[in-house]
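The structure under discussion appears below in the form of structure tokens.
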Amino acid sequence: DIWFRFSAQHDCRLANCQPTGSRAVIQEREITFQTISLLAHADDDHFIVNMAALHNSTLLRRALPRALTVPQPLYTDRKAHHFEVAVRLRMSQAEK
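Taken in order, the sequence shown gives residues 12 to 107; the numbers are from the working numbering.
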């Protein structure tokens, strides 16, 4: 049975995928001077699903184990990080 559709992207950071070359960017059917890097994926086992951007995230949360859907904090001490950023901002503002 198919419950719903979702989009998953390969986790290149975790798999340490490296650029293998580049190609020209095509814009409005014209080749430009800009280039884009091409990647070779190191594995086919690790993917990322953006849970916050899905219209059917509740269905996906029900289908996956809780360990895969629990929010991951960016910083272990959020309050300390905010204070650190505030200090840097104040210093940069004082220099202006």
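Note that beta-carbon positions come from the ideal geometry of N, C-alpha and C, so glycine has one too. Keep in mind that this is a model prediction, so the values were computed, not measured.
query                                                                                                                           : result
Could you have a look at Thr94 and say whether DSSP puts it in helix, strand or coil?                                           : In the sequence as displayed, the identity of residue 94 is Phe instead of Thr. Note: Phe94 maps to helix in three-state DSSP.
Can you give me the start and stop residues for the alpha helix (DSSP H) that Leu85 sits inside?                                : No alpha helix (DSSP H) holds Leu85; DSSP gives it neither H nor E.
Quick one, are the C-beta atoms of His50 and Cys23 less than 8 Å apart?                                                         : The amino acid at residue 50 is misidentified as His; the sequence shows Leu. In contact: Leu50 and Cys23 (Cβ atoms closer than 8 Å).
Just to confirm the assignment, what range does the beta strand (DSSP E) spanning Ser48 have?                                   : 41-51
Quick test of the definition: if touching needs 3 or more C-beta pairs under 8 Å, does the region 44-59 touch the region 12-22? : yes
Straight-line CA distance for Arg40 to Ile47?                                                                                   : 16 Å
Could you check whether Phe15 and Leu1 sit closer than 8 Å to each other, using their CB atoms as the reference points?         : This structure cannot settle anything about residue 1, because the visible part of the chain is limited to 12 through 107.
DSSP three-state label for Ser18, please.                                                                                       : coil
Taking 8 Å as the CB-CB cut-off, is Phe17 touching chain B?                                                                     : Absent here is chain B; the protein component of the structure consists of one chain.
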